[in-house]
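A.B. asks:
There are 4 protein chains.
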Amino acid sequence: MTMWGGCFSAPTDKAMRRFNDSIAFDQRLFAVDVRGSIAWASALQRAGLLTTPEHDAIVAGLEKVAQEFAAGTFATAAGDEDIHTAVERRLGELAGEVAGKLHTGRSRNDQVATDMRLYMLETTASLETALLSVQSAVIDRAGQHLDVLMPGYTHMQPAQPVLFAHWLLSYFWKLQRDRERLVDVRRRTSVCPLGAGALAGTPFAIDRAALARELGFAVVSPNSIDAVADRDYLVEFLSWAALLQTHLSALAEDLVIWSTREFGFVQLDERYSTGSSLMPQKRNPDSMELLRGKSGRMAGHLMALLTVLKGLPSGYNKDLQEDKEGTFDAIDTLLVELAVAEGVVRTLRVNAAAMEGALDDAMLSTDIADYLVLKGIPFRTAHGLVGQVVKRAEALGVTLRALPIAEYRAVHAAFGEDVYQVIDPRRSVSARTAEGGTAPSAVRAQIEVARSCMGLTS
Amino acid sequence: MTMWGGCFSAPTDKAMRRFNDSIAFDQRLFAVDVRGSIAWASALQRAGLLTTPEHDAIVAGLEKVAQEFAAGTFATAAGDEDIHTAVERRLGELAGEVAGKLHTGRSRNDQVATDMRLYMLETTASLETALLSVQSAVIDRAGQHLDVLMPGYTHMQPAQPVLFAHWLLSYFWKLQRDRERLVDVRRRTSVCPLGAGALAGTPFAIDRAALARELGFAVVSPNSIDAVADRDYLVEFLSWAALLQTHLSALAEDLVIWSTREFGFVQLDERYSTGSSLMPQKRNPDSMELLRGKSGRMAGHLMALLTVLKGLPSGYNKDLQEDKEGTFDAIDTLLVELAVAEGVVRTLRVNAAAMEGALDDAMLSTDIADYLVLKGIPFRTAHGLVGQVVKRAEALGVTLRALPIAEYRAVHAAFGEDVYQVIDPRRSVSARTAEGGTAPSAVRAQIEVARSCMGLTS
Amino acid sequence: MTMWGGCFSAPTDKAMRRFNDSIAFDQRLFAVDVRGSIAWASALQRAGLLTTPEHDAIVAGLEKVAQEFAAGTFATAAGDEDIHTAVERRLGELAGEVAGKLHTGRSRNDQVATDMRLYMLETTASLETALLSVQSAVIDRAGQHLDVLMPGYTHMQPAQPVLFAHWLLSYFWKLQRDRERLVDVRRRTSVCPLGAGALAGTPFAIDRAALARELGFAVVSPNSIDAVADRDYLVEFLSWAALLQTHLSALAEDLVIWSTREFGFVQLDERYSTGSSLMPQKRNPDSMELLRGKSGRMAGHLMALLTVLKGLPSGYNKDLQEDKEGTFDAIDTLLVELAVAEGVVRTLRVNAAAMEGALDDAMLSTDIADYLVLKGIPFRTAHGLVGQVVKRAEALGVTLRALPIAEYRAVHAAFGEDVYQVIDPRRSVSARTAEGGTAPSAVRAQIEVARSCMGLTS
Amino acid sequence: MTMWGGCFSAPTDKAMRRFNDSIAFDQRLFAVDVRGSIAWASALQRAGLLTTPEHDAIVAGLEKVAQEFAAGTFATAAGDEDIHTAVERRLGELAGEVAGKLHTGRSRNDQVATDMRLYMLETTASLETALLSVQSAVIDRAGQHLDVLMPGYTHMQPAQPVLFAHWLLSYFWKLQRDRERLVDVRRRTSVCPLGAGALAGTPFAIDRAALARELGFAVVSPNSIDAVADRDYLVEFLSWAALLQTHLSALAEDLVIWSTREFGFVQLDERYSTGSSLMPQKRNPDSMELLRGKSGRMAGHLMALLTVLKGLPSGYNKDLQEDKEGTFDAIDTLLVELAVAEGVVRTLRVNAAAMEGALDDAMLSTDIADYLVLKGIPFRTAHGLVGQVVKRAEALGVTLRALPIAEYRAVHAAFGEDVYQVIDPRRSVSARTAEGGTAPSAVRAQIEVARSCMGLTS
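Chains as they are written, first to last, in this note's numbering: chain A, 1 to 458; chain B, 1001 to 1458; chain C, 2001 to 2458; chain D, 3001 to 3458.
#1: Kindly indicate if chain C contains any beta-carbon less than 8 Å away from that of arginine 1432 of chain B.
#2: Quick one: what's got a C-beta closer than 7 Å to alanine 1095 of chain B's C-beta in the same chain, skipping five residues either side?
#3: Would asparagine 1020 of chain B and glutamate 1088 of chain B be called neighbours here (beta carbons separated by less than 8 Å)?
#4: In or out: proline 2053 of chain C buried (at least 16 other Cβ within 10 Å) or exposed?
#5: Count the other CB atoms within 10 Å of the CB of alanine 41 of chain A; is the residue buried (16 or more) or exposed (fewer)?
#6: Might you give, ordered along the chain, the residues of its own chain that have their beta carbon closer than 7 Å to the beta carbon of aspartate 468 of chain A, omitting 5 neighbours on each side?
#7: With a threshold of 16 other CB atoms inside 10 Å of the CB of methionine 2001 of chain C, please say whether the residue is buried or exposed.
#8: Using a Cβ cut-off of 8 Å, which residues of the stretch 1279-1295 of chain B contact any Cβ in chain D, in chain order?
#9: Please look up how many angstroms separate the CB atoms of leucine 2175 of chain C and glutamine 2135 of chain C, rounded, as I've assumed it's under 8 Å.
#10: With DSSP run on the structure shown, which of helix, strand or coil describes glutamate 3448 of chain D?
#11: Using a beta-carbon distance below 8 Å, is arginine 3349 of chain D in contact with chain A?
#12: Are three or more beta carbon pairs between the stretch 2239-2256 of chain C and the stretch 189-208 of chain A nearer than 8 Å?
#13: Could you name the residues of chain A that arginine 3263 of chain D contacts, counting a contact when the two beta carbons are closer than 7 Å?
#14: Please list, in chain order, all residues of the same chain as threonine 3366 of chain D whose beta carbon is under 7 Å from its beta carbon, the five residues on each side excluded.
#15: Going straight from the alpha carbon of glycine 3293 of chain D to that of lysine 2318 of chain C, what length do you get?
#16: Taking its Cβ as the centre, do 16 or more other Cβ atoms sit within 10 Å of proline 3011 of chain D, making it buried, or is it exposed?
#17: Just the C-alpha distance for glycine 1048 of chain B and glutamate 1128 of chain B, rounded to the nearest angstrom, thanks.
#18: At the level of alpha carbons, what is the spacing between isoleucine 2368 of chain C and arginine 2426 of chain C?
#19: Under 9 Å Cβ-Cβ, which residues of chain D neighbour methionine 298 of chain A?
#20: Ignore the nearest five residues each way along the sequence and tell me which others in valine 2219 of chain C's own chain have a CB closer than 6 Å to its CB.
#21: Name the residue from B/Val1162, B/Arg1106 and B/Met1303 whose alpha carbon lies nearest to the alpha carbon of isoleucine 1206 of chain B.
#22: Buried or exposed, going by whether 16 or more other CB atoms sit within 10 Å of the CB of methionine 3 of chain A?
#23: Need the endpoints of the beta strand (DSSP E) that glutamine 1157 of chain B sits in, please.
#24: Let me see if you follow: with CB-CB separation under 8 Å, is histidine 3155 of chain D close to chain A or not?
#25: Measure from the C-beta of alanine 3339 of chain D to each C-beta in chain C and report whether the shortest distance is under 8 Å.
#26: Quick one: is valine 3065 of chain D near chain A, going by C-beta distance under 8 Å?
#27: Between the Cα of histidine 247 of chain A and the Cα atoms of C/Ala2024, C/Ala2354 and C/Arg2231, which residue gives the shortest distance?
#28: Pull up the distance between the alpha-carbon of tryptophan 1240 of chain B and that of leucine 3306 of chain D, whole angstroms please.
#29: Return the residues of the stretch 1314-1338 of chain B that lie within a Cβ-Cβ distance of less than 8 Å from chain A, sorted by chain order.
#30: Tell me which residues of the stretch 1063-1095 of chain B have at least one Cβ-Cβ distance to chain A shorter than 7 Å, keeping chain order.
#31: List the residues of chain B whose Cβ lies closer than 7 Å to the Cβ of aspartate 13 of chain A, in chain order.
#32: Compute the Euclidean distance between the alpha carbons of leucine 118 of chain A and arginine 3179 of chain D, then round it to the nearest angstrom.
#33: What does the Cβ neighbour count give for serine 37 of chain A, buried or exposed, with the cut at 16 atoms within 10 Å?
#34: Who are the neighbours of lysine 3310 of chain D on chain A, taking C-beta pairs under 9 Å?
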């Protein structure tokens, strides 16, 4: 028997029950549902709607229900369409008719809205911790490889030499933005809808501010119609997840490509690789392929919720029940992904010889153009001249370092013997000392800033 | 111990296992996996790679595994990362070392690709049946209400009178297109990848055409690299599902709006409604709200797979494992949705009085313009003249039927007393006899065509 | 001749040019491109790379280019693949070879990244203003109709009476969150990538902090590899736009439904309606239908950018050029949408009689249950009792107000004559005085808070 | 003055006009609009609603309008909200009041629906041709390189040797499915809605079948309500485009990776590459990066239309106007993309030496396992044994070919000297002769099938 069945004469259709019931996926809300109800019982007591014995009986019953759930001994009944019904039904069994007083002035609408926000505040805290762990792994590994050079790529073509640590730290900042954004998401999650009733507010003397404080919310929702139907914070969360996911997919793509035999820059630890059933020599970067592939579901969950909300009229509509499964899957998936990403970064084997072996003189052509600039030649002109130098070297089949000075001077008289000093990847890297640049000094400074962003001191 | 662990010295990380393993969701493939393996054993026997006793031992073992699964007695083991590994492991336990011969010339890549196609052929057949049931309900209800008029809306404003049956049949054709599209999806699903190996094909004398026939596939995949990574048929399926879902959401929107107290055109049966925990008088059209809201996940699943496939290089990549969960959820969801939709249509209470009460004279202004056209006035001119008539009626606060003939004639002399005969919704409806129109004769013909589309005879 | 053609011997393919060139859509960046270049010229001068006359010549040339653009007299040339090339080409024509010095130490990558951020800072300021205008319209109209009651809906079924102003204000808070989120988006947009070069940083003594200040950025990008490829702020912007759009679509849906003839609660002003070419009596709420329909493109633009970024390796990749068209369309669309939304709200005709006529006694059943609660009956019990009352009234075909007291008392002895006082929508509304409730006093307080959120004083 | 303004007293708001008008993007429909109108005029004549002189005057006027458009001399007027209004207005100017007769029995709703379908039939024919050109390029290049071996990859790790031609042909089949799907899309596009009126059908004696034939449609729409609002064919088209786009993005990803310096398998022709403004040595595969990046907009357009349609009630709603811009952009983009893809394939430089240099012995471990299978060892056992062999070779730092036979025999006595014959990539490839395999004979047969799919004979 459902909570609302009083006026109905026909039982719900079986397919409809399967369609409508949410207990299969909203069970995980049991703890926050109980927390919310305990706070509501206190509010009712403060408002004179529950006596102290009534309040205590209800709270004791709720705590018992929570224990049963946590212990795995809770048994759902046929009419338990959702976790809130299940808790209410069991409370009634444990506490008797007084249990019915708990629902005074409260609707399923504000109750569920409150539960979900409490749950999101808890799980986003876990996600923040997981993010910090990945950032920490990034900083640690960057600090260990400060002397390793590698090609920096644009269009996947080698462009200029950079430090491996500089590349790795580029992910620190993506994750740092994710962490900052998560703070914003949490700020807008921390709004207490309890007391909004079904949509019109509560007619009883509930102190909503005290209730919000007791539940750890920052503020109270300012409009009851908005309060019961607002799912903005979940859209924000899923947008956040989808954007974090693009960062994870980029890291994955870099590592998948760099662990090809042709690049050979890195090797994933066996703990994060798999083999092949048919080809025993294979070391497949499955962890990174899955990290990349999970982008699909994250974009999908976001799209799903936006679609649900599109054109939905005011007030609570049952469509909103579709807010949960995607959100829960996003949370579960990200927690595993972040653990895997941290593990991969921490255990990654870095093949410095391969990275440095991939550097070549042509990557220093910008440095040569800059050399001409310092001799007074406008950059665009210098750019064209270096293009001619590169073509000559290609035509002669030699590197820029091996190209005779006469060939340089044939292109422009400003070239002198000192040009060969410029053709040195370490010099190129060391020159980029401006903030955010790839010079070792700048990267060390970057690490310090990164550490302070994490609340660490050196 | 996984199938591929032979060359590895470190165990897989725990989070990585959770990340990588698919048995939680691919278990449902057990039956098709066994079917595929039985067919492969026959192919190996035909190719001389299995003796008859070997073949028979393997097939007997596979059938035993399938029985265990079907009976719910199958126990997964720690190393069972996916259903294919689980079946193979269990077969080894039951049949001994000969079981290892089953995997001759076959890779996990072509095996999984085959299983999934077999599964999709089975489930899309169920979906086709479910679609037919909804279409059948639509035809039945249309036939029962051939005399009920209602306003036809554009921009949700009453536009012209139509038959209720005509409106209902508009959904028949949407579903008919869905059914036709499903035939196309199934045609491109019915391609056998078995024999493609990991990606290069099989070096053994496998008769792929015979194998395909045995498994019920229409054709053999023409390129082994394409065969193992092709997920087009799943994108097609999810596109199909997303489009079908827009039809279901439109039906839902119509019924939600029409079951408002303000419209009152229909009432959902209690079996497909729910009540309110706080407001006992409510009859909420939850079934239709969920039908509308499920659009989110369907668009999301499609977006997810498109995102997974974007920019994926050739050959099998682990990202492709992400093809399953969304697809399975789409199938399960649609089967319930179609059952609910059928039930709702079959049990819908139609309030003919409310529908006909919502008709008004202004909806016949097109008919009045057409009346002028038949008197030789160009339509655009007639259109402007009727606009003036409507304004006059509004100014006088009367309906068009009550507007005195003098007022009509003040607008244009072509108006005669016969104009009042035109202001009749039944006449308006009956006039639209051209194919696809709303005249009862045309709607009856439409039902006949619809029935023949379903293979029914009258 | 393109900027990079120096080493190439074959001209670009014609289809490829059409594919590659972006000047058709990035022209609108001309002003920020010039601003960025002027700041860069100053930075080069401060670093000793430009003399004062060189700097002045370049700046004068750039200002001339900007004037030509603003005046519409700028003529693009065949090789102008993008706006940056066009400006550079024209500057060269105006200022001679010294123009080539402007590009010292700067890459197209950091230049374009800077331009786009400057542009977004400008346009998001306009969007903030537009949002404020809609919020202002909402507050004004809410204040004008504080005495109008209407049904509050859940599941589109009448649930409880609320103030029309309370409903309207529910949109204030959605837009308020949008405005707060926009502040967050702008904070993360205000990061200066200039000085990051192609990806490795700049080797010249550029004072990046001074440069950022000059351009109005809050901070400098901390990692050059991240700086040139980071498009997070655009994903954030499009997520913001998609979420704002769900609010606009909900408002649209409410108004489309409420302006049906069947509801008749509101009428859109003619300035925001259209007519029908065939049915002169129609008043179509096209503005609101389009507002609802624009949700499509906004979700689409977001999905598009997420798809582009999925699995993109580190560093600049040409795929990133796809960040612009969707973003620009989102900006243009939202500016028009917000102007239309404001106009619609300001000019909306409110039919108070229709709204109040739609209230009925059954909407007060919660109030009757609350009445029993105050007599000591647990709410769940009361809920069931009221359900019985409603059924009796339905069976007798009377309203709750007309149901004889004997009938009430037959359900439960706690019912007294005072129950009829409870069956009054104004009393119901007035009782909900807790913060965020629909009581007139609470709504007036809500308006005050809303005004202070906008920086207004009463 | 708009067509529907007759009953309105206030002019449309300026922002609203910008919001509402579609002529900026629907101009391209001018030719099909005129075609549709000419056919309608004939239908009216056949129905006795136009005299022959009236018909001829209208048709002559329409042809004049089309000529003006084609010649670029057509001038839009202030009230031209869409192309249909513009054509009608101009026809009125050219033909006088008789022009008003053209709109007899036709609504903007069925007119626009017809125009769009006609347009899609034309443009999808162009897309089919463009697809064929890419397929033809693929076959040609495959035929030219039948002797080139390369590593086949799974998880981007070298797996087994394959023919370059086999890899290239894998794209033929993806495009072949795209072409087959396009036939299905076109079949469901070829439905004539003309005669459906605003939504109820036409009351005049229009021969809809003749009308459809005249316009080249296969069938007549069977339900007028469905006819005016059905956008399924556009969802199908955009789903088709999004799926084709995943194929293009995969090709792009392969070529971007293979043209890295580290792989070096291919080089894009200069006509499809660009250079760098700062690094003159760069050859950037921009064409392929854009091909990959365009996936974003294609998925976006699909999601946009699905979002528009979600929850839209029956009948025409203005939201449907949002069907056009994304569709048009998808068409334009794909036509350029396919031209670029064809050009890239035709001009690609194939570095056979690099491809074959990337083959190594470990890729033949499957062949060694198969060798053991033929000696009677179960595949799974053989698989484990080869894993041991690979580990020994790795430990000794030698290739499998250089591993002494004693080492093989230490793993299993079944190994004989003939194992070295197996370690030969050409032999491995040649063995895979089953249909769809990579053996040269199978690939030649594949090309023949491919050619016949294109209607070519050898």
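All residues carry an ideal CB built from backbone N, CA and C; glycine is no exception.
C.D. replies: For this structure:
#1: Position 432 of the second sequence, counted from the start, is the residue given in the question as residue 1432 of chain B. So, not an interface residue.
#2: Numbered from its first residue, the second sequence carries residue 1095 of chain B at position 95. In the same chain as alanine 1095 of chain B, and ignoring 5 residues on each side of it, the C-beta atoms closer than 7 Å to its own belong to Ala1057, Ile1058 and Gly1061, in chain order.
#3: What you label residue 1020 of chain B is simply residue 20 of the second sequence in a count that begins at 1. What you label residue 1088 of chain B is simply residue 88 of the second sequence in a count that begins at 1. Taking 8 Å as the Cβ cut-off, asparagine 1020 of chain B and glutamate 1088 of chain B do not qualify as a contacting pair.
#4: Position 53 of the third sequence holds residue 2053 of chain C. Exposed, since its Cβ has fewer than 16 Cβ neighbours within 10 Å.
#5: Within the first sequence, the letter at position 41 stands for residue 41 of chain A. With 16 or more other Cβ atoms within 10 Å, it is buried.
#6: Nothing about residue 468 of chain A can be read from this structure; chain A reaches only from 1 to 458.
#7: Looking up residue 2001 of chain C in the third sequence gives position 1. Residue placement at methionine 2001 of chain C is poorly supported in this model, since its pLDDT is 40, which falls under 50; the coordinates are not used for a value here.
#8: Answer in chain order: Arg1292 and Ser1295.
#9: Taking the first residue of the third sequence as 1, we reach residue 2175 of chain C at position 175. Taking the first residue of the third sequence as 1, we reach residue 2135 of chain C at position 135. Yes, they are in contact, since the Cβ atoms of leucine 2175 of chain C and glutamine 2135 of chain C sit about 5 Å apart, within 8 Å.
#10: Here residue 3448 of chain D refers to the residue found at position 448 of the fourth sequence. Glutamate 3448 of chain D carries a helical assignment under DSSP once its states are collapsed to helix, strand and coil.
#11: What you label residue 3349 of chain D is simply residue 349 of the fourth sequence in a count that begins at 1. By this cut-off, arginine 3349 of chain D is not an interface position.
#12: The stretch 2239-2256 of chain C is not in contact with the stretch 189-208 of chain A.
#13: Translated into the one-based positions of the fourth sequence, residue 3263 of chain D becomes position 263. According to the sequence provided, residue 3263 of chain D is phenylalanine. The question's arginine does not apply to it. Contact note: phenylalanine 3263 of chain D reaches chain A through Glu262, using a C-beta cutoff of 7 Å and chain order.
#14: By 1-based counting over the fourth sequence, the position of residue 3366 of chain D is 366. Cβ neighbours of threonine 3366 of chain D beyond the five flanking positions: Gln3160.
#15: Stepping through the fourth sequence from its first residue, residue 3293 of chain D is reached at position 293. Stepping through the third sequence from its first residue, residue 2318 of chain C is reached at position 318. Distance between the alpha carbons of glycine 3293 of chain D and lysine 2318 of chain C is about 8 Å.
#16: Counting from one through the fourth sequence, the residue named residue 3011 of chain D turns up at place 11. With fewer than 16 other CB atoms across the displayed protein chains lying within 10 angstroms of its CB, proline 3011 of chain D is exposed.
#17: Position 48 of the second sequence, counted from the first residue, corresponds to residue 1048 of chain B. Position 128 of the second sequence, counted from the first residue, corresponds to residue 1128 of chain B. Taking C-alpha positions only, glycine 1048 of chain B is separated from glutamate 1128 of chain B by approximately 40 Å.
#18: In the third sequence, counting from the first residue as 1, residue 2368 of chain C sits at position 368. In the third sequence, counting from the first residue as 1, residue 2426 of chain C sits at position 426. If you take the alpha carbons of isoleucine 2368 of chain C and arginine 2426 of chain C, they lie about 14 Å apart.
#19: By 1-based counting over the first sequence, the position of residue 298 of chain A is 298. In chain order: nothing, as chain D lies at least about 14 Å away.
#20: In the third sequence, residue 2219 of chain C corresponds to position 219, counting from 1. The residues are Val2191.
#21: Numbered from its first residue, the second sequence carries residue 1206 of chain B at position 206. Comparing Cα positions, the closest option is B/Arg1106.
#22: One-based indexing of the first sequence puts residue 3 of chain A at position 3. Summary for methionine 3 of chain A: the model assigns pLDDT 49, below 50, so the residue's position carries little reliability; its value from the coordinates is reported in the next sentence. Within 10 angstroms of the beta-carbon of methionine 3 of chain A lie 16 or more other beta-carbons, which makes it buried.
#23: Taking the second sequence and counting its residues from 1, one reaches residue 1157 of chain B at position 157. Looking at the DSSP string, the run of the beta strand (DSSP E) that includes glutamine 1157 of chain B is 1157-1163.
#24: Locating residue 3155 of chain D in the fourth sequence gives position 155, counting from the first residue. Interface residue (Cβ-Cβ distance to chain A less than 8 Å): histidine 3155 of chain D is classified as such.
#25: Taking the first residue of the fourth sequence as position 1, residue 3339 of chain D is located at position 339. It does: the Cβ of alanine 3339 of chain D has a partner Cβ on chain C nearer than 8 Å.
#26: Working through the fourth sequence from its first residue, we reach residue 3065 of chain D at position 65. No, valine 3065 of chain D lies away from the interface with chain A (no Cβ there is under 8 Å from its Cβ).
#27: Sequence index remark: in the first sequence, residue 247 of chain A carries index 247 (1-based). Nearest C-alpha to histidine 247 of chain A: C/Arg2231.
#28: Mapped onto the second sequence, residue 1240 of chain B falls at position 240. Mapped onto the fourth sequence, residue 3306 of chain D falls at position 306. About 11 Å.
#29: Only those residues of the stretch 1314-1338 of chain B whose C-beta falls short of 8 Å from the nearest C-beta of chain A are listed: Asn1317, Lys1318, Asp1319, Leu1320, Gln1321, Glu1322, Glu1325, Gly1326, Val1336 and Glu1337.
#30: Within the stretch 1063-1095 of chain B, no residue has a Cβ that lies closer than 7 Å to any Cβ of chain A.
#31: Taking the first sequence and counting its residues from 1, one reaches residue 13 of chain A at position 13. Correct list: Arg1271, Tyr1272 and Gly1343.
#32: Counted from its first residue, the first sequence places residue 118 of chain A at position 118. Counted from its first residue, the fourth sequence places residue 3179 of chain D at position 179. Each residue's CA atom was taken as its position, placing leucine 118 of chain A and arginine 3179 of chain D some 51 Å apart.
#33: Stepping through the first sequence from its first residue, residue 37 of chain A is reached at position 37. Counting Cβ neighbours within 10 Å, serine 37 of chain A comes out buried, since at least 16 surround it.
#34: For this step, residue 3310 of chain D is matched to residue 310 along the fourth sequence. Neighbours of lysine 3310 of chain D on chain A, chain order: Thr307, Val308, Lys310 and Gly311.
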